[in-house]
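As structure tokens, the structure follows; a few thoughts come after it.
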Amino acid sequence: MPPHGLDAVIHAPVRLQICAMLSATDEAEFALLRDETGVSESVLSKHLKQLEDAGYVTLRKATVASRQRTWAGLTRKGRAAFAAHVEALNRLVRSEPAAAGVLETPDGAPRR
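Counting from 1, one number per residue, gives the positions in the sequence shown under UniProt numbering.
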């Protein structure tokens, strides 16, 4: 994990939003996640796959009223990673600009 503690898997805006939504519940239906994130089904599927590959999300499929439905839920690992990511964001927000690297160029030289 980078020194700032941010999780690259979670940090992407759509995945961060997915994790935030799932952290408040046991599971959420795919359609709800799609509607709340405002992304297409294919984009949501790709983000969920990345979270699943990292072990952060489980996907459950079932047939309801003759329709295939998908639910997503955070795993224990996912909940812990999300909590750590939020804490890292909070530390970054509370830190002094120099401590956050804001006063340095990408090569570490002081900004002028």
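In this text, a Cβ means the ideal position worked out from N, Cα and C, and glycines have one as well.
Chain-order list of residues whose beta-carbon lies under 8 Å from that of residue i (same chain, five-residue window excluded)
i     : result
Ala84 : Gly5 and Asp7
Residue i versus residue j - alpha carbon distance
i     : j     : result
Ala28 : Ser95 : 34 Å
Lys77 : Tyr56 : 6 Å
Thr25 : Gly73 : 8 Å
Arg69 : Ala31 : 8 Å
Residue i (DSSP reduced to helix, strand or coil)
i     : result
Leu74 : strand
Glu27 : coil
Leu59 : strand
The alpha helix (DSSP H) enclosing residue i, as first and last residue numbers
i     : result
Asp53 : Glu41 to Asp53
Ala8  : Ala8 to His11
Chain-order list of residues whose beta-carbon lies under 7 Å from that of residue i (same chain, five-residue window excluded)
i     : result
Arg34 : Glu41 and Leu44
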